[in-house]
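Protein chains in written order, with this note's numbering: chain A, 3 to 113; chain B, 36 to 145. Glycine is no exception: its CB is placed at the ideal position from the N, C-alpha and C atoms. Read through the structure below, which is laid out as structure tokens, and then see the notes.
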Amino acid sequence: GQQVQQSPTSLVLQEGENAELQCNFSTSLNSMQWFYQRPGGSLISVFYNPSGTKQSGRLTSTTVIKERRSSLHISSSQITDSGTYLCAMVMNNNAGAKLTFGGGTRLTVRP
Amino acid sequence: GGIITQTPKFLIGQEGQKLTLKCQQNFNHDTMYWYRQDSGKGLRLIYYSITENDLQKGDLSEGYDASREKKSSFSLTVTSAQKNEMAVFLCASSPNTEVFFGKGTRLTVV
């Protein structure tokens with residue numbers, strides 16, 4: 003089965019609503035990372051979050067490594083938040099840091 | 036700050052052709068990666084390299100070669116392009132913590 007499960011797969015919001023995106027991992031991991039991608043665009047790192055809670059503006063990430071899960075909260079959503087949010091598990095060993103991605107959450111924010 | 040530069044941005048090839056994609060980073064990161072992104076299939080790791088002249092296979096290495104000629108550059112070769120193939124190839128680098136991505140090379144095979 004998939005090592006990284008994201009939910010929901012898609013989400014439609016009215017501007018100003020909040021969103022909660024989830025990421026669950028089937029195996030132990032060292033850390034995780036959230037990315038944002040516009041259609042046709044590159045992956046932009048949103049959070050690198052080994053554990054605990056990190057905040058950047060309207061975005062908050064909470065990772066509980068022991069429970070193999072992470073969440074991304076978007077408050078007061080804006081139209082420009084639309085795009086795909088990807089989470090990835092990070093495994094560090096002697097062969098470097100390796101990412102395994104989830105399938106993504108496609109977010110649409112409407113006016 | 037630094038930047039990851041991928042060339043070319045767009046690549047059109049013919050079936051059976053050997054195609055090379057290039058990636059340069061000025062972060063001075065040890066590890067570099069090549070991922071492939073297909074619509075509806077997410078990102079899959081092709082090759083990665085933890086230092087100059089090192090190569091590690093990912094989940095999708097068949098049909099590809101890679102070369103880490105120096106710390107700052109990592110190239111990927113599609114050994115024989117498949118007809119109607121369309122995908123975005125993403126290069127990334129990391130100091131073995133956070134991973135940063137380039138803007139991608141969009142491949143179309145006719």
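In the displayed model, D89/B falls within coil according to three-state DSSP, outside both helix and strand. Rounded to whole angstroms, M34/A and M91/A show a C-alpha spacing of 4 Å.
Ranking M121/B, I38/B and A127/B by CA distance to the CA of G48/B puts M121/B first. Across the structure, K44/B and G42/A are spaced so that their CA atoms are roughly 12 Å apart. A residue is called buried once 16 or more other Cβ atoms fall within 10 Å of its Cβ, and N61/B, having fewer, is exposed. With respect to the C-alpha of T132/B, the residue from Y50/A, Y38/A, Q16/A and N96/A having the closest C-alpha is Y50/A. Those residues of the segment 35 to 68 of chain A placed with their C-beta closer than 7 Å to a C-beta in chain B are Q35, S44, L45, S47 and Y50, ordered along the chain. The secondary-structure analysis by DSSP pairs Q16/A across a beta bridge with R112/A.
Fully enclosed beta strand (DSSP E) runs of no fewer than 3 residues occupy 99 to 105, 108 to 113 and 121 to 129 of the segment 90 to 129 of chain B, in order along the chain. In summary, the residues of the segment 117 to 136 of chain B whose CB is separated from some CB of chain A by less than 9 Å are V123, L125, A127, S129, P130, N131, T132, E133, V134, F135 and F136, in the order they occur in the chain. The CB of L101/A comes closer than 7 Å to the CB of V134 in chain B, given here in chain order.
DSSP, reduced to helix, strand and coil, places D73/B within a strand of the structure shown. Membership of T140/B in the beta strand (DSSP E) is indicated by the continuous run T140 to V144. Secondary structure note for K100/A: its beta strand (DSSP E) is the uninterrupted segment G98 to F103. Straight-line measurement puts the Cα of L125/B at about 21 Å from the Cα of V145/B.
Straight across, the Cα-Cα distance linking P113/A with Q91/B is about 46 Å. Put simply, of G51/B, Y82/B and R71/B the residue whose alpha carbon is nearest the alpha carbon of F109/B is Y82/B. When secondary structure is reduced to three states using DSSP, K44/B falls in the coil class, being assigned neither helix nor strand. Interface annotation for the segment 73 to 87 of chain A against chain B: empty, criterion Cβ-Cβ distance under 7 Å.
Across the set R71/A, I67/A and L61/A, the C-alpha of L61/A shows the shortest separation from the C-alpha of S77/A. In the structure shown, I39/B falls within a strand segment according to DSSP collapsed to helix, strand and coil.
Contact of I85/B with chain A is assigned, a C-beta pair being separated by under 8 Å.
Secondary structure note for N94/A: its beta strand (DSSP E) is the uninterrupted segment G85 to N95.
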